[in-house]
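Following: one structure in structure tokens, then a few remarks.
Numbering (the numbering used here), first residue to last: -9 to 276.
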């Protein structure tokens, strides 16, 4: 906590999230002080999701951090899941794309560029094809690497889900659609975790602040979208609006029973299939 905040009796809460338009939209209310909480000051750090996964795992550094759900089992001792702020695919999600039209059997035999081994996209890929060979590539370099012929296929997340076809790539499989067909559930991709050491009261208050920020963005969509556009890589306003709509909606305010079930099922299956090394205990705050 800074000296000035401490002397004023203000509790500083450190928040970290990715520089993606959906995350920016979610945190718009808090980041611009449209949402205030008496006695609290929120400071924001923007960082790519795989780095945040690693930082939460190694240091439990931030009070609130965006994470991939796949990372949660590795940080569960220090963090609980906030019951809001998640990005959930309703029958859509990460995709394998390629420059040629592989069959599903063929794609399991080629090396796929992936955006990080703690991403939920990677977990879903391994549930779909346990034997598949992968190589980690920064998420924003995956499409260029596939186009350059360095990899036969790539696992894309974020805005790439809306732009891959403009680059002449073919969708081989949408893992959100595959998951829906397998389980009947939506695919939970990313969420927000809160540090347990804050204590129950603070955890609840901060979680409500995030929920209020999400609601503010949904209620003031044009202003929130305008703010989020500065983080929308290579998207025009219409595509950014579509992307935000895919991942910031009523389910972002509250996962719902099927959303919570989906999180538990995804992580439990990951453990049962040997992808996640230890059992998972999912706790929700708020």
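Just so it is clear, CB atoms sit at the ideal spot from N, CA and C, and this is done for glycine as well.
Under 8 angstroms between C-beta atoms of residue i and residue j
{"i": "residue 176", "j": "residue 132", "result": "no"}
{"i": "residue 182", "j": "residue 194", "result": "no"}
{"i": "residue 69", "j": "residue 162", "result": "no"}
{"i": "residue 136", "j": "residue 88", "result": "yes"}
{"i": "residue 241", "j": "residue 54", "result": "no"}
{"i": "residue 180", "j": "residue 57", "result": "yes"}
{"i": "residue 11", "j": "residue 233", "result": "yes"}
{"i": "residue 114", "j": "residue 165", "result": "yes"}
{"i": "residue 59", "j": "residue 256", "result": "yes"}
Residue i in three-state terms, based on DSSP
{"i": "residue 122", "result": "coil"}
{"i": "residue 171", "result": "helix"}
{"i": "residue 254", "result": "helix"}
{"i": "residue 71", "result": "strand"}
{"i": "residue 211", "result": "helix"}
{"i": "residue 244", "result": "coil"}
{"i": "residue 277", "result": "Outside the shown range of the chain (-9 to 276) lies residue 277, about which nothing can therefore be said."}
{"i": "residue -3", "result": "Only weak support is given to the placement of residue -3: the predicted model assigns it a pLDDT of 48, under 50, and the value that follows is read from those uncertain coordinates. Three-state result, residue -3: helix."}
Span of the alpha helix (DSSP H), counted from its first residue to its last, around residue i
{"i": "residue 62", "result": "62 to 65"}
{"i": "residue 176", "result": "Segment: none, residue 176 is in no alpha helix (DSSP H) and carries neither H nor E."}
{"i": "residue 133", "result": "132 to 137"}
{"i": "residue 227", "result": "227 to 237"}
First through last residue of the beta strand (DSSP E) which encompasses residue i
{"i": "residue 279", "result": "Residue 279 cannot be examined here, being either before or after the span of the chain that is shown, -9 to 276."}
{"i": "residue 32", "result": "30 to 36"}
{"i": "residue 1", "result": "1 to 7"}
{"i": "residue 161", "result": "160 to 164"}
Proximity test, residue i beta-carbon vs the ligand GTP heavy atom, cut-off 7 angstroms
{"i": "residue 136", "result": "This structure simply doesn't include the ligand GTP, nor any ligand for that matter."}
Residues near residue i by beta carbon distance below 6 angstroms, same chain, minus five either side
{"i": "residue 27", "result": "199"}
{"i": "residue 124", "result": "102, 104"}
Same chain, Cβ closer than 7 angstroms to residue i, five either side skipped, listed in chain order
{"i": "residue 267", "result": "none"}
{"i": "residue 230", "result": "11, 215, 218, 219, 222"}
Residues near residue i in its chain [Cβ-Cβ closer than 8 angstroms; skip 5 each side]
{"i": "residue 98", "result": "119, 121, 122"}
{"i": "residue 6", "result": "34, 35, 36, 37, 42, 45, 51, 52, 54, 55, 56"}
Measuring CB atoms only, is the region 6 to 20 touching the region 106 to 122, in the sense that at least three cross pairs come out at less than 8 angstroms? no
Would you be able to state if there are at least three C-beta pairs under 8 angstroms between the region 82 to 96 and the region 141 to 156? yes
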